[in-house]
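Trainee: Just dropping this structure here.
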């Protein structure tokens, strides 16, 4: 159970870069740098697996999921209804979430800030791909759950929230592909 | 080639700016990244070519995730520069495969950052 979050990160990172390497098979100029970066990524995982432990915020689990869903829905709404670009939508919602801990000095505000930004990445999925709000709610729920699982892993590492959002979106995409 | 160099330049600048706002000005990772992302997102209202209007905001936002790393993990600026370069290369090579997939920019940033840490451990053993 302790290494589950790290396994999730390893799985989705290798899946991501694996698809990129596979798709670049015929273009040597892309294949060489991608292979080099993949090797360095695997070297990092080999030498750091189960070492990455950091103090976590006080557990407020349901709130994390609720804030992730809020971040996802509002970002998707800005894209879908107000026709803002994905970058501007997520940036605006992220900024709103980021300001919260500066105004309210409570652990909940810090958790909200991270969960809202994580959800915002889920909400960047274009309406054409997501289809409806249910997809965003389920993907944000999955991302919020993984965020809780990974609360003691990779704190302070770049791309943690985005990787969690990617895992959430991928899981729900796979689920909808299998079920529908 | 020109676009590739522009992607690399924007990536390094965005990563550095976010890291500075985050760790030196103590704005926090989320505010730093979202401010840089909004600035990048506003590029669509400038008279650059349509391709760059679509690409550069994504590069700037994605590289800003690299700058979200904390000082404790990325103690040296060079790690952020190398991660940003890796991010630019990955974005250039993988951009089309995951277009619009939520979290793909963050995943690219994480892979770039982890690979940089791997490079640091492989070549310099401890410090870089």
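Residue numbers (the numbering used here), protein chains in the order written: chain V, 1 to 180; chain A, 1001 to 1128.
For every residue, glycine included, the Cβ atom is placed at its ideal position computed from N, Cα and C.
On the criterion of 16 or more Cβ atoms from any shown chain inside 10 Å, does residue 139 of chain V qualify as buried, or is it exposed?
Mentor: Residue 139 of chain V comes out buried.
Trainee: Keeping to the same chain, check which residues put their C-beta closer than 8 Å to that of residue 137 of chain V; ignore five residues upstream and five downstream.
Mentor: The answer, listed in chain order, is 69, 72 and 73.
Trainee: Between the stretch 1027 to 1035 of chain A and the stretch 1075 to 1086 of chain A, do at least 3 Cβ pairs fall closer than 8 Å?
Mentor: The answer is no - the stretch 1075 to 1086 of chain A does not touch the stretch 1027 to 1035 of chain A, with fewer than three Cβ pairs under 8 Å.
Trainee: Going by beta carbon distance, what residues of the same chain come within less than 6 Å of residue 62 of chain V, once the five residues before and after it are set aside?
Mentor: Excluding sequence neighbours, residue 62 of chain V sits near nothing in its chain.
Trainee: Since residue 1044 of chain A contacts residue 95 of chain V with CB under 8 Å, what's their CB separation in whole angstroms?
Mentor: The pair is not a contact, with the Cβ atoms about 18 Å apart (cut-off 8 Å).
Trainee: So which residues of chain V does residue 1050 of chain A contact, with C-beta pairs closer than 9 Å?
Mentor: Those do not exist, as residue 1050 of chain A stays about 13 Å from chain V at its closest Cβ, beyond 9 Å.
Trainee: Are there 16 or more other CB atoms within 10 angstroms of the CB of residue 1049 of chain A, so buried, or fewer, so exposed?
Mentor: Result: exposed.
Trainee: Going along chain V, which residues have a C-beta under 7 Å from residue 1104 of chain A?
Mentor: The contacting residues are 166.
Trainee: Which one of A:1051, A:1115 and A:1059 has the shortest CA to CA distance from residue 1040 of chain A?
Mentor: Among A:1051, A:1115 and A:1059, the Cα nearest to that of residue 1040 of chain A belongs to A:1059.
Trainee: Excluding the 5 residues flanking residue 1010 of chain A on each side, which residues of the same chain have their C-beta closer than 6 Å to its C-beta?
Mentor: If we look at residue 1010 of chain A and ignore the five residues flanking it on each side, its Cβ neighbours are 1056, 1059 and 1060.
Trainee: Helix or strand or just coil, what does DSSP make of residue 1106 of chain A?
Mentor: Helix, per DSSP.
Trainee: Residue ranges of each alpha helix (DSSP H) run of no fewer than 4 residues wholly in the stretch 1009 to 1042 of chain A, ordered along the chain?
Mentor: The stretch 1009 to 1042 of chain A contains these whole alpha helix (DSSP H) runs: 1029 to 1041.
Trainee: Here's a check: name, in chain order, each residue in its chain whose Cβ is nearer than 7 Å to the Cβ of residue 1128 of chain A, leaving out the five neighbours to either side.
Mentor: Unreliable placement is indicated for residue 1128 of chain A, whose pLDDT of 48 sits below 50; the coordinate value is still reported in the next sentence. Cβ neighbours of residue 1128 of chain A beyond the five flanking positions: 1076, 1078, 1079 and 1120.
Trainee: Please check if any C-beta of chain V sits within less than 7 Å of the C-beta of residue 1129 of chain A.
Mentor: No information on residue 1129 of chain A is available, as it lies outside the stretch 1001 to 1128 that chain A covers here.
Trainee: On a Cα-Cα basis, can you pick out the residue from V:27, V:38 and V:28 that is closest to residue 1108 of chain A?
Mentor: Comparing Cα positions, the closest option is V:38.
Trainee: Closer than 7 Å, Cβ to Cβ, to anything on chain V: give me those residues from the stretch 1063 to 1091 of chain A, in chain order.
Mentor: Those residues of the stretch 1063 to 1091 of chain A that come within reach of chain V (Cβ to Cβ, closer than 7 Å) are 1065, 1066, 1068, 1069, 1070, 1072, 1073, 1083, 1086, 1089 and 1090.
Trainee: Along chain V, which residues have their Cβ under 9 Å away from the Cβ of residue 1094 of chain A?
Mentor: What residue 1094 of chain A touches in chain V: 16, 17, 19, 20, 23, 24, 30 and 34.
Trainee: Could you check if residue 1124 of chain A is buried or exposed, using at least 16 other CB atoms within 10 Å of its CB as the buried criterion?
Mentor: With fewer than 16 Cβ atoms within 10 Å of its Cβ, residue 1124 of chain A is classed as exposed.
Trainee: Compute the minimum distance between the beta carbon of residue 1041 of chain A and the heavy atoms of the ligand HEM, and state whether it is under 6 Å.
Mentor: Absence of the ligand HEM from the depicted structure is noted, as is the absence of any ligand whatsoever, leaving it without description.
Trainee: Let me make sure I understand the geometry here. Which of A:1087, A:1105 and A:1018 has the alpha-carbon closest to that of residue 1007 of chain A?
Mentor: Closest option to residue 1007 of chain A, Cα to Cα, is A:1087.
Trainee: Cα separation between residue 1111 of chain A and residue 120 of chain V?
Mentor: Computed Cα separation, rounded: 20 Å.
Trainee: Pair every Cβ in the stretch 164 to 178 of chain V with every Cβ in the stretch 140 to 153 of chain V, then say whether three or more of these pairs are closer than 8 Å.
Mentor: With a cut-off of 8 Å, the stretch 140 to 153 of chain V and the stretch 164 to 178 of chain V count as touching, because enough Cβ pairs lie within range.
Trainee: Between residue 179 of chain V and residue 102 of chain V, what straight-line distance do the alpha-carbon atoms span, to the nearest angstrom?
Mentor: Whole-angstrom Cα-Cα distance: 43 Å.
Trainee: According to DSSP, is residue 1095 of chain A helix, strand or coil?
Mentor: Reduced to three states, the DSSP call for residue 1095 of chain A is coil.
Trainee: Would DSSP call residue 24 of chain V helix, strand or coil?
Mentor: If DSSP states are grouped into helix, strand and coil, residue 24 of chain V belongs with coil.
Trainee: Can you pull the chain A neighbours of residue 37 of chain V, defined as C-beta to C-beta under 8 Å?
Mentor: The answer, in chain order, is 1086, 1089, 1090, 1111, 1112 and 1115.
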